[in-house]
Amino acid sequence: MSPRVGPSGPLSREKIVTAAIEVADELGLDAMTMKRVADRLGAGVMSLYRHIADKEQLIEAMVDQITGEYDYPTQTGLDWRAAMHVLARQDWTAFLDHPWMLTATATVTPPFGTASLTAMEWALTALEELELAPHTAARAIMTINNYVQGSARVFLGGTQGEAGDDPGSNWQHRLADIDLSAFPRLHHLITQPLPAGERDPFADGLDIILDGIAADHP
């Protein structure tokens with residue numbers, strides 16, 4: 001029997017994962033079914049199962065492939081804070097480029113692939129400077145991940161305005177026509193001028209988290 005499967009040529013795990021990512025990018029993770037992936041490849045559904053056990057394994061492979069595409073730089077010359085900013089910005093970019101990753105990373109279960117394990121090792125290595133207990137370092141990384149995911153969900157949900165908008169400007173816009181006389185602190189907040197100069201609200205929010213980590217582990 002010919003090894004060719006439809007117009008895409010010989011079927012492989014790599015081709016299946018790439019096609020699944022394309023479907024998820026276009027239609028979302030819920031719409032990424034084995035049938036749609038097979039149709040994209042011009043193959044039969046059952047032929048996919050020779051390479052991928054089930055949809056959960058496919059999602060794991062998709063997450064790992066995307067993670068590998070956002071490779072982390074060498075840590076030479078990076079202190080732990082700079083490394084955590086790199087970690088957060090890499091994840092932020094991945095979520096905006098592939099919004100389905102927000103759902104996938106919340107539901108995918110171990111074992112992770114090589115790229116995911118490499119990213120975790122990179123982050124843990126960066127925090128060795130603080131001499132944290134292993135579980136404390138893991139909690140710090142998880143807190144940063146949760147912050148990035150939450151920020152990405154808000155942005156992708158269309159409730160934050162443009163990327164990089166200061167939360168203060170968004171509050172001012174959303175509350176401008178509301179009577180806040182019974183809420184003096186909110187009224188004071190939205191009537192204050194925003195800080196001058198260019199700001200990166202995403203980085204500012206991350207620094208608040210990093211300040212907490214540094215304060216507990218000087």
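Just so you know, we're using full-length UniProt numbering here: the sequence shown kicks off at 1 and counts up by one.
Just so it is clear, CB atoms sit at the ideal spot from N, CA and C, and this is done for glycine as well.
Asked                                                                                                                           : Found
The segment 40-58 touching the segment 86-95, judged by at least three CB pairs closer than 8 Å                                 : no
Per-residue DSSP class, three states only, for P193                                                                             : coil
Start and end residues, alpha helix (DSSP H) containing D182                                                                    : The sequence given here places Ala at residue 182; Asp does not occur at that position. Segment: none, A182 is in no alpha helix (DSSP H) and carries neither H nor E.
For D25 and E37, the rounded distance between their alpha carbons                                                               : For the sequence presented, residue 37 should be read as Val rather than Glu. Cα-Cα distance, rounded: 12 Å.
Contacts around L186, its chain only, beta-carbon distance under 6 Å, and the 5 residues preceding and following it disregarded : L180
Cβ neighbour criterion (16 or more within 10 Å) applied to H98                                                                  : buried
Whole-angstrom distance between R153 and A82, CA atom to CA atom                                                                : 24 Å
Check whether I141 and L124 have beta carbons under 9 Å apart                                                                   : yes
Y147 and I213 closer than 9 Å at C-beta                                                                                         : no
For T67 and D79, the rounded distance between their alpha carbons                                                               : 22 Å
Residues near E162 by beta carbon distance below 7 Å, same chain, minus five either side                                        : Bear in mind that the predicted position of E162 carries a pLDDT of just 46, short of 50, making it unreliable; the figure below should be weighed with that in mind. Taken in chain order, the list of residues that qualify is empty.
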